[in-house]
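Beneath this line is the structure, given in structure tokens, with notes to follow.
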Amino acid sequence: MNEPLTAPRSLKSRASEQPFKYPLERPFVEPDWRRFPGYKGVTQQEWESSVWQRKHTVKNLSELKTVLGALLPDDLLQSMERDQKERATMSILVPPQMINTMDETDLWSDPVRRYMLPALADRHPVWPNHPKASRDSLHEQEMWAVEGLTHRYPTKVLAELLATCPQYCGHCTRMDLVGNDVPQVEKLRFGIGQKERWQQILDYLKKTPSVRDVVVSGGDIANLAITQLEPFVSALLDIENIRDIRLASKGLMGVPQHFLQNAVLQGLDRLAKKANERGVALALHTHVNNARQVTPLVAKAAKKLREMGFRDVRNQGVLLRGVNSTAKDLLELCFTLQDFGNILPYYFYMCDMIPNSEHWRLSVAEAQALQHDIMGYLPGFATPRIVCDVPFVGKRWVHQIADYDKERGISYWTKNYRTGIEYDDPEALSRRYEYYDPIYTLPESGQAFWRAAA
Ligand code: SF4
Numbered sequence: 027m028n029e030p031l032t033a034p035r036s037l038k039s040r041a042s043e044q045p046f047k048y049p050l051e052r053p054f055v056e057p058d059w060r061r062f063p064g065y066k067g068v069t070q071q072e073w074e075s076s077v078w079q080r081k082h083t084v085k086n087l088s089e090l091k092t093v094l095g096a097l098l099p100d101d102l103l104q105s106m107e108r109d110q111k112e113r114a115t116m117s118i119l120v121p122p123q124m125i126n127t128m129d130e131t132d133l134w135s136d137p138v139r140r141y142m143l144p145a146l147a148d149r150h151p152v153w154p155n156h157p158k159a160s161r162d163s164l165h166e167q168e169m170w171a172v173e174g175l176t177h178r179y180p181t182k183v184l185a186e187l188l189a190t191c192p193q194y195c196g197h198c199t200r201m202d203l204v205g206n207d208v209p210q211v212e213k214l215r216f217g218i219g220q221k222e223r224w225q226q227i228l229d230y231l232k233k234t235p236s237v238r239d240v241v242v243s244g245g246d247i248a249n250l251a252i253t254q255l256e257p258f259v260s261a262l263l264d265i266e267n268i269r270d271i272r273l274a275s276k277g278l279m280g281v282p283q284h285f286l287q288n289a290v291l292q293g294l295d296r297l298a299k300k301a302n303e304r305g306v307a308l309a310l311h312t313h314v315n316n317a318r319q320v321t322p323l324v325a326k327a328a329k330k331l332r333e334m335g336f337r338d339v340r341n342q343g344v345l346l347r348g349v350n351s352t353a354k355d356l357l358e359l360c361f362t363l364q365d366f367g368n369i370l371p372y373y374f375y376m377c378d379m380i381p382n383s384e385h386w387r388l389s390v391a392e393a394q395a396l397q398h399d400i401m402g403y404l405p406g407f408a409t410p411r412i413v414c415d416v417p418f419v420g421k422r423w424v425h426q427i428a429d430y431d432k433e434r435g436i437s438y439w440t441k442n443y444r445t446g447i448e449y450d451d452p453e454a455l456s457r458r459y460e461y462y463d464p465i466y467t468l469p470e471s472g473q474a475f476w477r478a479a480a
């Protein structure tokens, strides 16, 4: 007869020392804005007012100097001035809420400053720009089915409702269209009036039953009055084939106060109810790049959306060197989102190949290593995929490369669907599509290749 099974006498497993330490050590509090000279007398009521935040959003370096005073080093200010004149692809626009998440004791290295207020000295001295970089590097406008509606994937589309945001990010992928002109870039403008353009978008979706999923973006929907956003999304909800709607707003983090206004809450509440009645998944996608930017006000706004019936609030960050390019940075951000904001860490995109973005970009090999290093810590459903948005392809997980020339930094990708402009292209599914690593990350022989090519 077999002996009865018993538990082993000594159990061996225990919580081990890990490369990343959990729980998080940074306290989850709204940083005190009164530490900045320009916000010294600002009351809590003012701070929590969307109107106050918008009115006091920093629009140029002289306003920044007024807010930061002596905290802003002169050499940093001068370097930012030169950057605006010589390299920047976005104008300055930073709400107080975002300034308050910067480390005033080290603004040169601060991750939020590094991507919202770039300085010339941040950029790579030899390769600030990749020879293959371009405006609209994802060719979204070429894939417009009607003006502002990018039809790239088989069942999903991107609707660009407007070309402004409550904040302008230095690395913006849509720098071609979004924001004000800067010395380096005269922006593209929509040619058709808003009302007619939006109607054309709705008409296209009604007559295209293969589309089930709409990203309602811009720009940023936080810059649309709720009296404009609500009827558009409501009309989308009336289209039978639309099953998923994702509202895209970095403003949930940049100006959470916007989403805490009564009129906005009431309008979004009506949309959430209508979506639930019709069995459509309505979600909000935000864009947070560093853990410091997730504050109690951001968490409060996200909670309101979930409580009213939004299916989810998810984060799509951008992988940026010096902002979130270590496993520790990424895990800290993901745990902060998940634990305190109940915001799902969903994707990190590699920074796109727009002009002058080289110092922010990582190589595919670096992105693959990061994906490896963050696996296993978070729940599987909250472990973000690091993706490369390959021109003419779309999002690919960084391990999905078909081939990789590490010497020249060229990765090759394939795809399994046609974009909206390839319906008559017989080679669309057999072609290899290229993506390029930053040249300064390559071995000397690879850099010599690009010097000769440039
Ligand atoms: S919020 Fe989004 S669209 Fe607006 S500037 Fe930033 S990255 Fe670009």
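Counting from 1, position 432 in the sequence shown corresponds to residue 458 in our numbering; the numbering is continuous, with no gaps.
Every residue gets a Cβ at the ideal spot worked out from N, C-alpha and C, and that includes glycine.
Can you look up residue i in the DSSP assignment and give me helix, strand or coil?
i	result
residue 245	coil
residue 425	coil
residue 5	Outside the shown range of the chain, which is 27 to 480, sits residue 5, and nothing can be said about it.
residue 145	coil
residue 38	coil
residue 287	coil
residue 542	Any question about residue 542 goes unanswered here, given that the chain covers just 27 to 480.
residue 92	helix
residue 402	coil
residue 155	coil
residue 343	strand
residue 467	helix
residue 462	strand
residue 514	Given a span of 27 to 480 for the chain in the structure shown, any question on residue 514 remains unanswerable.
residue 236	coil
residue 202	coil
residue 420	strand
residue 307	strand
residue 31	coil
residue 229	helix
Sort the options by Cα distance to residue i and report the nearest one.
i	options	result
residue 384	126, 157 and 32	157
residue 400	98, 359 and 282	359
residue 289	82, 271 and 252	252
residue 347	374, 327 and 325	374
residue 147	102, 57, 180 and 243	102
residue 299	461, 393, 336 and 321	336
residue 313	431, 243 and 474	243
residue 99	80, 136 and 72	136
residue 235	213, 216, 205 and 183	183
residue 291	452, 66, 172 and 330	330
residue 163	404, 381, 478 and 65	381
How many Å lie between residue i and residue j at the Cα?
i	j	result
residue 372	residue 365	14 Å
residue 91	residue 377	29 Å
residue 32	residue 43	29 Å
residue 55	residue 229	46 Å
residue 448	residue 423	22 Å
residue 96	residue 83	19 Å
residue 224	residue 218	9 Å
residue 260	residue 285	18 Å
residue 307	residue 301	7 Å
residue 345	residue 396	10 Å
residue 130	residue 49	25 Å
residue 211	residue 198	13 Å
residue 114	residue 200	13 Å
residue 389	residue 464	6 Å
residue 78	residue 287	12 Å
residue 180	residue 237	7 Å
Take residue i and list the residues in its own chain whose beta-carbon comes closer than 8 Å to its own, dropping the five residues that flank it on each side.
i	result
residue 69	none
residue 75	283
residue 170	176 and 177
residue 293	252, 253, 255 and 256
residue 454	441, 444, 445 and 448
Within its chain, find whatever has a CB closer than 7 Å to the CB of residue i; leave out the 5 residues flanking it on each side and keep chain order.
i	result
residue 85	118 and 119
residue 10	This structure does not reach residue 10, given that the chain is present from 27 up to 480, and the question cannot be answered.
residue 295	334
residue 469	433
Can you list, in chain order, the residues of its chain with a C-beta nearer than 6 Å to that of residue i? Leave out the 5 residues immediately preceding and following it.
i	result
residue 126	57 and 59
residue 311	272, 274, 340 and 342
residue 421	413 and 415
residue 369	328, 339, 341 and 363
residue 475	434
residue 150	384, 385 and 466
7 Å is my cut-off, CB to CB: does residue i come that close to chain C?
i	result
residue 473	Of the protein chains in this structure there is only one, and it is not chain C.
*Determine contact between the segment 246-256 and the segment 266-279, defined as no fewer than three beta-carbon pairs at a distance below 8 Å.*
yes
*Does the segment 154-168 touch the segment 127-145, meaning 3 or more C-beta pairs lie closer than 8 Å?*
no
_Validate contact between the segment 436-447 and the segment 403-411 using beta carbons, cut 8 Å, 3 pairs_ = no
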